[in-house]
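Take a look at the structure below.
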Amino acid sequence: MKKKIDYTTFYERVGQLNGWNFSSLKVTSEGIGWNFYEEVTRCTQPSDLLLDIGTGGGEAVLSIAHAALLLVGIDLSRGMIETAQRNLKASGSRSNVRFVHMNADQLTFPDQFFNVVSSRHCDFCATEVFRVLADGGVFLTQQVSENDKCNISKAFDRGQSLGVQPGTLMERYKRELREAGFQDIEAHEYNATEYYATPDDLLFLLTHAPIIPGFGEKQSDFERFQQFVGQNRCDKGIRTNSARFMLTARK
0 MKKKIDYTTF YERVGQLNGW NFSSLKVTSE GIGWNFYEEV TRCTQPSDLL LDIGTGGGEA
60 VLSIAHAALL LVGIDLSRGM IETAQRNLKA SGSRSNVRFV HMNADQLTFP DQFFNVVSSR
120 HCDFCATEVF RVLADGGVFL TQQVSENDKC NISKAFDRGQ SLGVQPGTLM ERYKRELREA
180 GFQDIEAHEY NATEYYATPD DLLFLLTHAP IIPGFGEKQS DFERFQQFVG QNRCDKGIRT
240 NSARFMLTAR K
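Quick note on numbering that gives the first Met the number 0: the sequence shown kicks off at 0 and runs consecutively.
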């Protein structure tokens, strides 16, 4: 039986230390299909109320604070919310942004409260999203595809989606959205090439994102890491891939 990965503990630790902030990484990409939060702002009016599920350290929501009348970011990790509160204070305590510790499966908001709901790289409950969205409201989610960082997963012989058929998660979410009552469901995908400038940049990613579960717990991880760097280094940097899909749906 496949061992269940303890993501809760991981996100609590990373949330307190770093939040979901990867802005310090020196990485270039080729083939990015969209910027998720730019897509969110395109669907948002200045009079709208926006909910961001799995907001992490609030970095993305704070960057689009101008887009809506009220932005609420929720996360299951208390560590992430603590970091989000610090980021909010450092940003000048934007009066239209709130961060709340909350389970996405049990949203404590009234029916039809939000005009837009977003969720990036976080699980969500389609029926709860449908309930809190106003009629005509829009839901957008970006998720990590199963073939993301595929050369890294192969090098370490483990990964969060190693061995799972690409498209499995997307089809599951599409089905759940249809069953919840959403209409006009659209899907988009991209598989971009990424180049990390230095081994330290890639190492930061692997220690702050659950790409390789339990990375660093084994001494052999660092030996495999050095081998991977040597085998995938080129003039542009250390090569891997970023595979994403985005779903949009209207109530």
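We put the CB at the ideal spot given by N, CA and C, even for glycine.
Distance between beta carbons of Gly53 and Cys121, contact taken as under 8 Å:
The residue you call residue 121 lines up with position 122 of the sequence shown. The residue you call residue 53 lines up with position 54 of the sequence shown. Indeed they touch by this definition, with Cβ atoms about 2 Å apart.
Output yes or no for whether 7 Å exceeds the beta carbon distance between Thr82 and Ser118.
The residue labelled residue 82 in the question sits at position 83 within the sequence shown. The residue labelled residue 118 in the question sits at position 119 within the sequence shown. Their beta carbons are not under 7 Å apart, which means Thr82 does not touch Ser118 by this criterion.
C-alpha gap between Ala186 and Ser144, whole angstroms:
For the purposes of this step, residue 186 is identified with residue 187 of the sequence shown, where counting begins at 1. For the purposes of this step, residue 144 is identified with residue 145 of the sequence shown, where counting begins at 1. Whole-angstrom Cα-Cα distance: 12 Å.
Since Val60 is in the alpha helix (DSSP H), which residue starts that stretch and which ends it?
Taking the first residue of the sequence shown as position 1, residue 60 is located at position 61. 58-62 is the extent of the alpha helix (DSSP H) around Val60.
Considering Cα atoms alone, identify which of Asn150, Glu127, Gln111, Asn86 is closest to Gln105.
Counted from its first residue, the sequence shown places residue 105 at position 106. The candidate whose alpha carbon is nearest that of Gln105 is Glu127.
Considering only residues of the same chain and omitting the five flanking positions on each side of Phe203, which have a CB-CB separation below 7 Å?
The residue given as residue 203 occupies position 204 in the sequence shown. Closer than 7 Å at the Cβ level, and outside the excluded window around Phe203, lie Leu24.
What would DSSP say about Thr54, mapped onto helix, strand or coil?
Position 55 of the sequence shown, counting from 1, holds the residue named residue 54. Thr54: coil per DSSP, three-state reduction.
Can you list, in chain order, the residues of its chain whose CB lies under 8 Å from that of Gln44, leaving out five sequence neighbours each side?
In the sequence shown, the residue the question calls residue 44 occupies position 45. Answer for Gln44: Ala67, Asn114, listed in chain order.
Let me confirm a value: Ile211 is counted as buried when at least 16 other C-beta atoms fall within 10 Å, else exposed. Which label applies?
For this step, residue 211 is matched to residue 212 along the sequence shown. Its Cβ being crowded by 16 or more others within 10 Å, Ile211 is buried.
I'd like the list of long-range same chain contacts for Val26, defined as Cβ closer than 7 Å, with 5 residues on each side in sequence excluded.
The count along the sequence shown starts at 1 and reaches residue 26 at position 27. The answer, listed in chain order, is Glu193, Tyr194, Tyr195, Ala196, Asp200.
Can you give me the Cβ contacts of Arg223 inside the same chain, cut-off strictly under 7 Å, excluding the 5 residues immediately before and after it?
By one-based count along the sequence shown, residue 223 stands at place 224. Excluding positions up to five away in sequence, the list reads Ala154, Phe155.
Separation of Ala103 from Pro109, as counted between CA atoms
For the purposes of this step, residue 109 is taken as residue 110 along the sequence shown, with counting starting at 1. For the purposes of this step, residue 103 is taken as residue 104 along the sequence shown, with counting starting at 1. When rounded, the distance between both Cα atoms is 14 Å.
Suppose contacts are defined by Cβ-Cβ distances below 7 Å. Is Arg97 in contact with Val71 by that definition?
In the sequence shown, residue 97 corresponds to position 98, counting from 1. In the sequence shown, residue 71 corresponds to position 72, counting from 1. Cβ distance < 7 Å, so Arg97 and Val71 count as in contact.
Count Cβ pairs between the region 83-93 and the region 53-64 that sit closer than 8 Å; are there 3 or more?
yes
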